[in-house]
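In my numbering, the protein residues as written are 56 to 438. What follows is a short report on a single structure.
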């Protein structure tokens with residue numbers, strides 16, 4: 056399905072109430088007769104949940120209607136598809152709270168969305184939509200690289216998620232078979248190094264809005280991109296310490312960071328500081344980008360996350376996740392399905408993950424981002 060920009064006249068209705076017909080008009084949707092009843096049922100169920108949630112005066116965030124309101128559980132799962140890493144945590148999984156190292160003196164607010172490069176351009180590109188492909192990991196990896204490239208060169212380049220999604224080889228099948236079937240941001244970073252660079256969206260545009268062909272992952276297209284010009288590369292990447300909020304806050308001082316989360320409850324989010332994840336057993340299933348953090352006058356703190364579900368979702372494509380550190384300890388839960396989708400032999404049966412939505416469980420950033428001197432970028436590449 057394609058994301059349609061919302062008309063301004065509909066904006067106020069998203070967190071209030073709409074009918075199914077109004078919903079179809081908002082998002083330019085239509086269904087064949089044999090599918091309509093199923094979609095109406097899904098919409099009405101979601102509508103009841105949205106209205107009930109928003110009627111609670113003590114809520115921390117609002118739910119709203121978006122293009123996913125009438126999606127099935129399977130369709131919602133296809134938006135995530137982040138392969139779980141084989142990292143292990145040797146600390147006790149019975150611990151309920153994370154006590155991190157003593158906080159250092161860091162700014163109270165960081166927001167790379169409002170920052171500008173040396174030439175006055177943006178540091179964060181426009182929000183993108185992965186559609187029905189589990190390519191969140193490729194979106195997260197490319198978006199981190201393009202932001203660090205903008206900081207290094209002063210120029211924003213929209214890098215190609217398609218190039219990375221199609222060509223990363225998830226050899227161990229940790230979480231999937233690669234492409235739309237799952238990988239990690241770290242695998243994407245390593246591929247950029249090994250490949251000598253990554254192309255841009257203009258030369259290799261994203262083709263997976265509707266997902267791959269039947270029984271395929273999208274990796275079948277990689278040979279088509281053998282002549283794609285390489286515009287940017289990285290020297291290395293750094294995987295941050297597990298479940299360490301201080302390390303994550305320090306890393307984002309230098310630019311956006313790829314993080315992994317439990318996004319299974321995000322589909323109806325519209326605004327506010329989200330705290331609706333499963334605290335006891337979060338299931339890490341999605342890769343996103345941390346672009347900063349903040350705190351309001353009431354002392355409420357958050358992480359600012361860039362998602363890849365289009366700009367009509369959430370706060371213009373972003374979500375704020377409750378942050379406790381450094382005022383309070385971060386909560387920890389136990390992922391009881393670390394091998395669900397990971398498939399790594401010898402993996403742990405459970406794993407402790409900390410932070411709301413497990414946001415501290417697996418984070419990585421890049422080093423030495425730079426443009427590639429490639430004369431072929433002067434030629435048009437036909438996909």
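Beta carbons: idealized from backbone N, C-alpha and C, even for Gly.
- Bridge pairing for residue 166: 347 [DSSP].
- Residue pairing from DSSP places residue 361 in a beta bridge opposite 344 and 373.
- Scanning its chain for C-beta atoms nearer than 7 Å, with the 5 sequence neighbours on each side dropped, one finds around residue 374 the residues 321, 324, 329, 360 and 362, in chain order.
- Bounds of the beta strand (DSSP E) holding residue 328 are 324-329.
- The three-state secondary structure of residue 189, taken from DSSP, is coil.
- The criterion of a C-beta distance shorter than 8 Å is not satisfied by residue 311 and residue 126.
- Per the Cβ contact rule, the stretch 295-306 is not in contact with the stretch 205-219 (fewer than 3 Cβ pairs under 8 Å).
- Judged by their CB atoms, residue 203 and residue 254 are not nearer to each other than the 8 Å cut-off.
- Per DSSP, reduced to three states, the secondary structure at residue 356 is strand.
- Scanning its chain for C-beta atoms nearer than 7 Å, with the 5 sequence neighbours on each side dropped, one finds around residue 357 the residues 328, 348, 349, 375, 376, 377 and 378, in chain order.
- Secondary structure within the stretch 282-315: the beta strand (DSSP E) runs of 3 or more consecutive residues, fully enclosed, are 291-294 (chain order).
- Runs of the beta strand (DSSP E) lying entirely within the stretch 73-128, each at least 3 residues long, are 116-118 in chain order.
- Between residue 206 and residue 304, the gap from beta carbon to beta carbon reaches 8 Å or more.
- Note on residue 291: under 16 other CB atoms within 10 angstroms of its CB, so exposed under the neighbour-count rule.
- When C-alpha distances from residue 188 are compared across 135, 181 and 239, the shortest belongs to 135.
- Our two residues, residue 94 and residue 101, have alpha carbons roughly 11 Å apart in a direct line.
- Contact check for residue 410 against residue 336 fails: the beta carbons are separated by 8 Å or more.
- Inter-segment contact for the stretch 188-198 and the stretch 241-254 is present: three or more beta-carbon pairs are separated by less than 8 Å.
- If you ignore the 5 residues before and after residue 221, its C-beta comes within less than 7 Å of the C-beta of 234, 273, 274, 276, 277 and 280, all in its own chain and listed in chain order.
- Proximity to residue 345 across 285, 420 and 405 peaks at 420, based on C-alpha coordinates.
- In the three-state reduction of the DSSP assignment, residue 198 falls in the helix class, which pools H, G and I.
- DSSP links residue 411 through a beta bridge to no other residue.
- Excluding five sequence positions before and after residue 176, the CB atoms of its chain that fall closer than 8 Å to its own CB belong to 205, 209, 210 and 211, given in chain order.
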